[in-house]
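Residue numbers (the working numbering), protein chains in the order written: chain A, 69 to 328; chain B, 2 to 149. Just so it is clear, CB atoms sit at the ideal spot from N, CA and C, and this is done for glycine as well.
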């Protein structure tokens, strides 16, 4: 209870008045090297005890849940243009659930490791293992969530993190006296399969008239979409498509004005 | 552009104090994305599809959505990938609605629900907050997206 109270956020600078409780802080996931993950819990704005827990992981790899999930997408607050304060998100998902934003792995956002080499050799494996350790320890700090329905959500490269963490939980539950009540997961614009993602991406570019027939054919005939690192010839084609044919667009939202 | 506002806000000492963040004095600034981690990512699965197969068999509720104007991980990529699961159809392809407008299209497979979000970019809840909210509500309820 003391740990929980120590994590309570009284109010954020520039925050409007709200009816929900919020907590944030660190959970150590590896005592030996001193690796700790940062979280931000924004509870549901009404009847939080009756609502599920939804864990949001961000993509990247290396991107912050607090920056994207919380502040741009599903969280209750948006940051104003001068960064002087916050305003409310009308469609915050905390109207339906308790939202737990997790910065994972160490090195993302406020999460850290005392072993600097952790920032140079991390990956999918450690992210899944540490995230599971986080959840186990976090539920000890917040025991009212221990038997709560849990869902995991995320986007982009979290298409790796989210199913990988779900699998870790399923394996953990098989041998645990205190299983995590995981019910499901949801991912958006999710990285899923190297080959089919890459093939589908260049096909999307072509079918949305972002690249020419010639460039599309060259990409398909030259690139080995199964490889992690493409050949120089293939990379040149990608650069040509982006520099010469896409134009100055926001690739994350092709019809929107770009952020200059 | 909202990412830039976050870079300023979360580096404010008063914000970090209120959030009990950076209590150990991290030797670098808070960033929305860590370039160090991104450049040095050490291991990555080539495909997540085997995990999907395992978790579908375990009975988890699985939803996959796609904003259809994202060209980084676009809807075609997701459809090509999910097609490899060769799932049988429970509810065939149909347009779903939010506030009397087409929110996108969806198909319910045995073990997985797929939905597109019309006009949404990579960060779906940022670009289409109302549609994303409806998607989340249906997901939590375990119900198909509304047909009208």
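1. Grouping DSSP H, G and I as helix and E and B as strand, with all else coil, what is residue 35(B)?
2. Residue 144(A): beta carbon under 7 Å from a heavy atom of the ligand NAP?
3. Go ahead and pull the three-state DSSP assignment for residue 137(B).
4. Taking the alpha carbon of residue 260(A) as the point to measure from, which residue in 117(B), 120(B) and 53(B) has its own alpha carbon closest?
5. Any contact between the region 71 to 88 of chain A and the region 118 to 129 of chain A? By contact I mean 3 or more CB pairs, one from each, below 8 Å.
6. Could you tell me which whole alpha helix (DSSP H) segments of length 4 or greater appear in the region 271 to 297 of chain A?
7. For residue 84(A), collect the residues of the same chain with a Cβ closer than 7 Å to its Cβ; drop the 5 residues on either side in sequence, then sort them by chain order.
8. Sorted by chain position, which residues of the same chain lie with C-beta nearer than 7 Å to residue 1(B)'s C-beta, five sequence neighbours on each side aside?
9. From the DSSP output, which residues share a beta bridge with residue 227(A)?
10. At a Cβ threshold of 8 Å, is residue 13(B) touching chain A?
11. Based on the DSSP secondary-structure assignment, which residues constitute the bridge partners of residue 114(B)?
12. Tell me which residues of the region 259 to 285 of chain A have at least one Cβ-Cβ distance to chain B shorter than 8 Å, keeping chain order.
13. Look at the Cβ atom of residue 104(B), then the Cβ atom of residue 119(B), and state whether they are nearer than 8 Å.
14. If distances are taken between C-alpha atoms only, which option among 270(A), 293(A) and 292(A) comes closest to residue 282(A)?
15. Roughly how many whole angstroms lie between the Cα atoms of residue 253(A) and residue 180(A)?
16. Suppose only complete runs of 3+ residues qualify. What are the beta strand (DSSP E) ranges in the region 119 to 182 of chain A, listed by chain order?
17. When you check each C-beta in the region 63 to 76 of chain B against every C-beta of chain A, which residues fall closer than 8 Å?
18. Would the beta-carbon of residue 128(B) fall within 8 Å of that of residue 68(B)?
19. Rounded to a whole number of angstroms, what is the C-alpha to C-alpha distance between residue 70(B) and residue 245(A)?
20. Tell me, which residues are paired with residue 90(A) by DSSP?
21. Relative to the alpha-carbon of residue 111(A), which residue among 247(A), 302(A), 71(A) and 213(A) has its alpha-carbon at the smallest distance?
22. Using the DSSP secondary-structure output, state which residues sit across from residue 220(A) in a beta bridge.
23. For residue 15(B), which three-state DSSP category applies?
24. Just tell me which of 289(A), 315(A) and 146(A) has its CA closest to the CA of residue 303(A).
25. Alpha carbon to alpha carbon, how far is residue 130(B) from residue 94(A)?
26. Where does residue 44(B) fall in DSSP's three states?
27. Could you work out which residues of chain A lie near residue 25(B), taking near to mean beta carbons separated by less than 9 Å?
In short:
1. DSSP, reduced to helix, strand and coil, places residue 35(B) outside both helices and strands of the structure shown, so it counts as coil.
2. The model on display carries no ligand, and the ligand NAP is accordingly not part of it.
3. helix
4. Closest in alpha carbon position to residue 260(A), among 117(B), 120(B) and 53(B), is 53(B).
5. Of all C-beta pairs linking the region 71 to 88 of chain A to the region 118 to 129 of chain A, fewer than three are shorter than 8 Å, placing the two stretches out of contact.
6. 281 to 290
7. These residues qualify, in order along the chain: 154, 155 and 156.
8. Lying before the first or after the last residue shown, residue 1(B) is absent from chain B, which here runs from 2 to 149.
9. Paired residue(s): none; residue 227(A) is not in a bridge.
10. yes
11. 64(B) and 109(B)
12. 259, 260, 261, 262, 263, 264, 265, 266, 267, 268, 269, 271, 272, 273, 275, 276 and 278
13. Yes, the pair counts as a contact, with Cβ atoms nearer than the cut-off.
14. Checked all of 270(A), 293(A) and 292(A); the closest Cα to residue 282(A) is 270(A).
15. 26 Å
16. 121 to 125, 145 to 147, 154 to 156 and 166 to 171
17. 63, 64, 65, 66, 67, 68, 70, 71, 72, 73, 74, 75 and 76
18. yes
19. 45 Å
20. Partner(s): 110(A).
21. 213(A)
22. 123(A) and 253(A)
23. helix
24. 289(A)
25. 29 Å
26. If DSSP states are grouped into helix, strand and coil, residue 44(B) belongs with coil.
27. 94, 102, 104, 180 and 182
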